[in-house]
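Participant:
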Amino acid sequence: MGSKHRIQITVNQEEYDLLVHPDRTLLDLLRYDLGLTGTKEGCDEGDCGACTVIVNGKVVTSCLILAVEVDGAAITTIEGLHQGDELHPIQQAFVDSGAVQCGFCTPGMILTTKALLDEIPDPSEEDIKHYLEGNLCRCTGYTKILDAVNIAIQQLK
Amino acid sequence: MDNYSIVGKRIPHRDAVEKAKGSAVFTSDIKLNGTLHGKILRSPVPHAQIRNIDISKAQKLKGVKAIITSKDTPQIKFSISPTWADKSILVDKKVRYIGDEIAAVAAVDEEFAEEALELIEVDWEELPAVFDPLEAMQPGAPLLHDAVENNISKTMTMECGSVEEGFAEADLIFEDTFQTQAQSHCSLETHCCIATCSPTDDVKIWVNSQAPHPLRQKLSAALNIDAAKIHVATPFIGGGFGSKIDLEPAQAICVLLAKKTGKPVKIEHSRKEQFMTTRMRHPTISKLKFGVKRDGTIVAKRAEVVIDNGAYNSHGPAVMAYNNVMFSTLYRVKNIKYEGQLVYTNKNWGGACRGYGDPQATFAQEVMMDMIAEGLKMDPIDLRLKNANIPNEITANAVKITSCGLKECLTQAREASGWIAKKAGKKKYRGLGVAAMIYTGGGSIGSGFNYSGATMQMNADGTFHLLMGAVDIGQGSNTILTQMAAEIMAVEPEAISLTTADTDTTFPCMGTFGSRVTFCAGNAVTEAANGLKQQLLENAAEMLEANPDDLEMKAKKIFVKGSPDKAVSYAEIGAASFYKKKKPLVAHGYYNGPEDVSAEFDPATYRGYPAPAMVFGTHLAEVEVDPATGKVEVLNFTAAHDLGRAINPLLVEGQIEGGAVQGIGWSLMEDLQFENGEIVNPNFHDYKMLTIKDIPRITSLLIETIDPNGPFGAKGIGECAMVPTAPAIVNAIYDAVGVRIKELPATSEKIFKGLKDK
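See the structure below:
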């Protein structure tokens, strides 16, 4: 297993100084060490997108990245989007549009949308689909997720 | 038009905020001190006799707290019912598919648990295996279950009228064979459970179950534990689609490990385990024969169906009965014959999967209908209208139909899709296809049970609490059932707090399946709410010295109609009932129907199928086929569903869109593939489900027929939304390029080959 490594990371604007095993994934670090269970494990193989988080502005599937690889990084998880009771406009759009059913893919969907809109504030439908292609949803058929993203774009303008 | 203020409104899911914030707690998110990790040793071979299991090396491993084998398990078999019970929690003598449970370990962490599994030594005698149901039925084929001849678990024959006489009077006969493939449910959350056992042997299990109350009964029976000692609790559930109805061996194993160690034990399926060992949609081979008149009247239809059961029964016998009922009940046909055979093979076992045998029946029947329309040179929608079911009729197979909007579904889908104009101006490589469907809109009392319970109480401060057995697995039952209660109590839905799906605190509910929750739990909730409303009115009448019949409820106040200034508030009624009268207000509601089961009901074939209501629908697809590759693009999709009443159109659309996309996946690419009994694509990389890039524009048409027995006239929708999708797509492909797909999925390769062979 090897000795633990020291890493310093910022998660949702809070700084952490941690000792982690070299084989600890970022997903397990978030869920089990930091108690941020909003990040979901759907496949543990990088295929479903449920574990998506934002690392230094880019979306990553946290099951495929080791904690030691994010030393020094700024990470945003779903818990870091809303301010108290006030939802981020993307979260609010997902709620209002009926884009949330079972909710298991929702954190990953919302964070991918966040990264998309941070990078491309006025994306084309092709851009939206390109970004969200890696996030699987079995409940909604994606239609209302597209509605939510389009509402969020208007809200954030 | 009824004037409701909450029912019929587009209200977002009541738990969507929690889910969007990431604070909704799913089973896997629960953390209990000292939790051990459970892992299951599964068979790596499809068929073998177990000579010996040696756990001595694994037992010596530090960190291992318990190891169990069949010796630690009561050898009581289970399935959907005791009649069909054939599966042990941990097998004793024989494994029958790759994934069969042999032993289990609880250890301090996952790594120790996995290492322990590697140290368990199993002495095998491999047996010949059989994977094809047609081969499995042949004399001399390897037998999976010793007492089951030719591997045929169940045969079923039902005849109404006489098909031979019907075929004799037909002008034209159509015959063909259709095949469907295995589909995996693919809920994003895998099976997970955490069990504890107290020093007094009280068991608690947190589990993502679609049917927590039946799960308590099944755990009790399989483990020989008093049901009263088992508490099943359901955290948020990440989708089900039928996969989470059955008792999953992992759940019973988790309880056994918790009992043995006295510690909390958690078992969570990996995605690979989820694909390889939870149930799947049964593959089918359906040989159909239809006799029709030149005017399109179907005079006789016959289906001979072989269903690939996999290694164990699970829901198989009932799935076959549903395959029959839905085939036989769709359209007004006098002469019907269904012959079915449910056949064991050394593969993952089939189970409940959205539609429960109906998508397979509908694929065969609705592609056949397209072929008949072509043969008669008749418009496919006109052919269906000619034979469509109508309201208030008993069908030839003795199924009672109350509300029925099939004709409206067909005509409104035709209009909304632009069918007539597009057919007239047909473009090369583009095509339109249609398919109809029938399903239950409220489960069935065929098993003797179709129960849902609810309790509604007024708190001392005048707020309300609703307790219901029904479990929300993401489809939104908590939202719509609360809407019904809120409409009756004249409050906003947020004014009602909820306790749901907990075996210690809520009345039982059969569970979330059979598209039954809206209807059955809805009737329980409306009964409870109406009972509580009556108590409120009686209390207010006393306080106002008025007649209850003269009162009106509005803005959390009750007053004599026309005199809103002299009112008592809900808060005052709550306080008076608690503190003054010492009689808190509470009312119960319970549904277990329908009452009027046909005398012709046959529990083996489901002739006289006792559903409280039937639902109907039409899917209409427009596709474009790339002639160079055979690739299909679904351009437009229209889905019309008779759902009685849409309690919440936003959520109903969500069910329809999700179902249609799951159906398109099954039509075009989803295919659980086996090689020598091993699933070769047990991951989302190789098992392709649709992504956001693949979806068409979906137009949902909500056909409100207002069922006389449904709560506010509502019927179910959940499963129905994927039932007619595949035939609509396949018929559209034929319209586009003239290639007739009779074996799902309609892959590019098959279409390309069809184009080349033309």
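So the sequences go chain by chain: U and G.
Just so you know, we're using this note's numbering here: the first sequence kicks off at 125 and counts up by one.
Just so you know, we're using this note's numbering here: the second sequence kicks off at 37 and counts up by one.
Cβ coordinates follow ideal geometry from the N, Cα and C atoms, glycine included.
To the nearest angstrom, how far is the alpha carbon of residue 213 of chain G from that of residue 777 of chain G?
Facilitator: Taking the second sequence and counting its residues from 1, the one referred to as residue 213 of chain G is at position 177. Taking the second sequence and counting its residues from 1, the one referred to as residue 777 of chain G is at position 741. Each residue's Cα considered, the two are about 11 Å apart.
Participant: Establish whether the CB of residue 307 of chain G and some CB of chain U are separated by less than 7 Å.
Facilitator: To locate residue 307 of chain G, count along the second sequence from 1; it is residue 271. So, interface residue.
Participant: With a threshold of 6 Å on Cβ separation, who are the neighbours of residue 436 of chain G within its own chain once the five nearest residues in sequence on each side are excluded?
Facilitator: Numbered from its first residue, the second sequence carries residue 436 of chain G at position 400. Correct list, in chain order: 430.
Participant: Taking the beta strand (DSSP E) that residue 160 of chain G belongs to, which residues open and close that run?
Facilitator: Position 124 of the second sequence, counted from the first residue, corresponds to residue 160 of chain G. Under the DSSP assignment, residue 160 of chain G falls in the beta strand (DSSP E) whose first and last residues are 157–162.
Participant: What are the residues that DSSP puts in a beta bridge with residue 85 of chain G?
Facilitator: On the second sequence, residue 85 of chain G is found 49 positions in, with the first residue counted as 1. G/130 and G/161.
Participant: Verify the CB distance criterion: does residue 264 of chain G have a CB-CB separation below 7 Å to chain U?
Facilitator: As a first step, residue 264 of chain G must be located in the second sequence, where it is residue number 228. Cβ-Cβ to chain U under 7 Å: no for residue 264 of chain G.
Participant: Check residue 149 of chain U in the structure and name its three-state DSSP category.
Facilitator: Here the question's residue 149 of chain U lines up with position 25 in the first sequence. The answer is strand: DSSP assigns residue 149 of chain U an E or B state.
Participant: Would you call the segment 132–139 of chain G and the segment 294–303 of chain G in contact, with 3 or more CB pairs under 8 Å?
Facilitator: no
Participant: Under a CB-based cut-off of 7 Å, is residue 48 of chain G close to chain U?
Facilitator: Residue numbering aside, residue 48 of chain G sits at position 12 when the second sequence is read from its first letter. Closer than 7 Å to some Cβ of chain U, the Cβ of residue 48 of chain G qualifies, so yes.
Participant: If we define contact as Cβ-Cβ less than 7 Å, is residue 232 of chain U a contact residue for chain G?
Facilitator: Numbered from its first residue, the first sequence carries residue 232 of chain U at position 108. Chain G contact via Cβ: absent.
Participant: What do you reckon, are the CB atoms on residue 334 of chain G and residue 367 of chain G nearer than 7 Å?
Facilitator: What you label residue 334 of chain G is simply residue 298 of the second sequence in a count that begins at 1. What you label residue 367 of chain G is simply residue 331 of the second sequence in a count that begins at 1. Yes. Within cutoff.
Participant: Report the option in G/238, G/289 and G/281 whose CA atom is closest to the CA atom of residue 258 of chain G.
Facilitator: Translated into the one-based positions of the second sequence, residue 258 of chain G becomes position 222. Taking only the C-alpha atoms, the option nearest residue 258 of chain G is G/289.
Participant: Counting only runs of 4+ residues fully inside the segment 605–636 of chain G, write out the alpha helix (DSSP H) ranges in chain order.
Facilitator: As far as the segment 605–636 of chain G is concerned, its whole alpha helix (DSSP H) runs of at least 4 residues are 606–611.
Participant: So, for residue 246 of chain G: in the same chain, excluding its five sequence neighbours on each side, which residues have a beta-carbon less than 7 Å away from its beta-carbon?
Facilitator: Within the second sequence, the letter at position 210 stands for residue 246 of chain G. Excluding residues within five positions, the ones whose Cβ falls inside 7 Å are 276, 280, 281, 507, 509, 547, 548 and 549.
Participant: What residues in its chain sit with their C-beta under 6 Å from that of residue 157 of chain G, if we drop five residues either side in the sequence?
Facilitator: Your numbering for residue 157 of chain G matches position 121 in the second sequence. Once the five neighbours on either side are set aside, the close Cβ partners of residue 157 of chain G are 90.
Participant: For residue 390 of chain G, which three-state DSSP category applies?
Facilitator: For the purposes of this step, residue 390 of chain G is identified with residue 354 of the second sequence, where counting begins at 1. Of the three classes helix, strand and coil, the one that applies to residue 390 of chain G here is coil, per DSSP.
Participant: Confirm, please, whether the CB-CB distance from residue 214 of chain U to residue 200 of chain U is below 7 Å.
Facilitator: As a working note, residue 200 of chain U is residue 76 in the first sequence. As a working note, residue 214 of chain U is residue 90 in the first sequence. Cβ distance not < 7 Å, so residue 200 of chain U and residue 214 of chain U don't count as in contact.
Participant: Measure the C-alpha to C-alpha separation of residue 654 of chain G and residue 745 of chain G and round it to an integer number of angstroms.
Facilitator: Locating residue 654 of chain G in the second sequence gives position 618, where the first residue counts as 1. Locating residue 745 of chain G in the second sequence gives position 709, where the first residue counts as 1. Whole-angstrom Cα-Cα distance: 23 Å.
Participant: Looking at residue 469 of chain G: is its Cβ nearer than 7 Å to the Cβ of residue 771 of chain G?
Facilitator: As a position in the second sequence, residue 469 of chain G is number 433, starting the count at 1. As a position in the second sequence, residue 771 of chain G is number 735, starting the count at 1. Yes, the Cβ-Cβ distance between residue 469 of chain G and residue 771 of chain G is below 7 Å.
Participant: Would you call the CB atoms of residue 332 of chain G and residue 422 of chain G closer than 7 Å?
Facilitator: Counting from one through the second sequence, the residue named residue 332 of chain G turns up at place 296. Counting from one through the second sequence, the residue named residue 422 of chain G turns up at place 386. Yes. Within cutoff.
Participant: Can you list, in chain order, the residues of its chain whose CB lies under 7 Å from that of residue 205 of chain G, leaving out five sequence neighbours each side?
Facilitator: Numbered from its first residue, the second sequence carries residue 205 of chain G at position 169. Result list for residue 205 of chain G: 335, in chain order.
Participant: Nearest chain G C-beta to residue 280 of chain U closer than 7 Å, yes or no?
Facilitator: For the purposes of this step, residue 280 of chain U is taken as residue 156 along the first sequence, with counting starting at 1. In terms of beta-carbon proximity, residue 280 of chain U stays away from the interface with chain G, with every pair separated by 7 Å or more.
Participant: If you count every other CB in all the chains shown that lies within 10 Å of the CB of residue 511 of chain G, and 16 or more means buried, which is it?
Facilitator: Within the second sequence, residue 511 of chain G is the residue found at index 475, counting from 1. Residue 511 of chain G should be labelled buried.
Participant: Using the C-alpha atoms, what's the distance from residue 474 of chain G back to residue 749 of chain G?
Facilitator: Residue numbering aside, residue 749 of chain G sits at position 713 when the second sequence is read from its first letter. Residue numbering aside, residue 474 of chain G sits at position 438 when the second sequence is read from its first letter. So the alpha carbons of these two residues sit roughly 18 Å apart.
Participant: Take the Cβ of residue 618 of chain G as the centre, count every other Cβ of all protein chains shown within 10 Å, and call the residue buried at 16 or more, exposed below.
Facilitator: Along the second sequence, read from residue 1 onward, the residue named residue 618 of chain G stands at position 582. That one is exposed.
Participant: Quick one, are the C-beta atoms of residue 190 of chain G and residue 319 of chain G less than 7 Å apart?
Facilitator: For the purposes of this step, residue 190 of chain G is taken as residue 154 along the second sequence, with counting starting at 1. For the purposes of this step, residue 319 of chain G is taken as residue 283 along the second sequence, with counting starting at 1. Taking the C-beta atoms as reference points, residue 319 of chain G is found no nearer than 7 Å to residue 190 of chain G.
Participant: Pull up the distance between the alpha-carbon of residue 76 of chain G and that of residue 305 of chain G, whole angstroms please.
Facilitator: As a first step, residue 76 of chain G must be located in the second sequence, where it is residue number 40. As a first step, residue 305 of chain G must be located in the second sequence, where it is residue number 269. Distance between the alpha carbons of residue 76 of chain G and residue 305 of chain G: 9 Å.
Participant: Residue 446 of chain G and residue 417 of chain G look like a contact to me (Cβ under 8 Å); what is the Cβ gap, rounded to whole Å?
Facilitator: Counting from 1 along the second sequence, the entry for residue 446 of chain G is found at position 410. Counting from 1 along the second sequence, the entry for residue 417 of chain G is found at position 381. Indeed, because the Cβ distance is near 5 Å, the residues count as touching under 8 Å.
Participant: Determine the DSSP secondary structure at residue 739 of chain G, reduced to helix, strand or coil.
Facilitator: Counted from its first residue, the second sequence places residue 739 of chain G at position 703. Strand.
Participant: Using C-beta distances below 6 Å, list every residue in its chain close to residue 139 of chain U, excluding the 5 sequence neighbours before and after it, in chain order.
Facilitator: Reading the first sequence from its first residue, position 15 is the one you call residue 139 of chain U. The answer is none, since no qualifying residue turns up.
Participant: State the Cα-Cα distance for the pair residue 136 of chain G and residue 71 of chain G, rounded to the nearest angstrom.
Facilitator: Here the question's residue 136 of chain G lines up with position 100 in the second sequence. Here the question's residue 71 of chain G lines up with position 35 in the second sequence. Each residue's alpha carbon lies about 25 Å from the other.
Participant: Is it true that the CB of residue 775 of chain G sits closer than 7 Å to the CB of residue 791 of chain G?
Facilitator: As a working note, residue 791 of chain G is residue 755 in the second sequence. As a working note, residue 775 of chain G is residue 739 in the second sequence. Yes; because the gap between Cβ atoms is below 7 Å, this pair is in contact.
Participant: Measure the C-alpha to C-alpha separation of residue 369 of chain G and residue 757 of chain G and round it to an integer number of angstroms.
Facilitator: Reading the second sequence from its first residue, position 333 is the one you call residue 369 of chain G. Reading the second sequence from its first residue, position 721 is the one you call residue 757 of chain G. Between residue 369 of chain G and residue 757 of chain G, the C-alpha separation is close to 24 Å.
Participant: According to DSSP, simplified to helix, strand and coil, what is residue 252 of chain G?
Facilitator: Within the second sequence, numbered from 1, the residue matching residue 252 of chain G stands at position 216. Reduced to three states, the DSSP call for residue 252 of chain G is helix.
Participant: Interface residues of chain G around residue 140 of chain U at Cβ under 8 Å?
Facilitator: The residue given as residue 140 of chain U occupies position 16 in the first sequence. Near residue 140 of chain U there are no residues of chain G at all, since even the closest Cβ is about 18 Å away, more than 8 Å.
Participant: Give the secondary structure of residue 279 of chain G by DSSP, where H, G and I count as helix, E and B as strand, and everything else as coil.
Facilitator: Residue numbering aside, residue 279 of chain G sits at position 243 when the second sequence is read from its first letter. Coil at residue 279 of chain G, not helix or strand.
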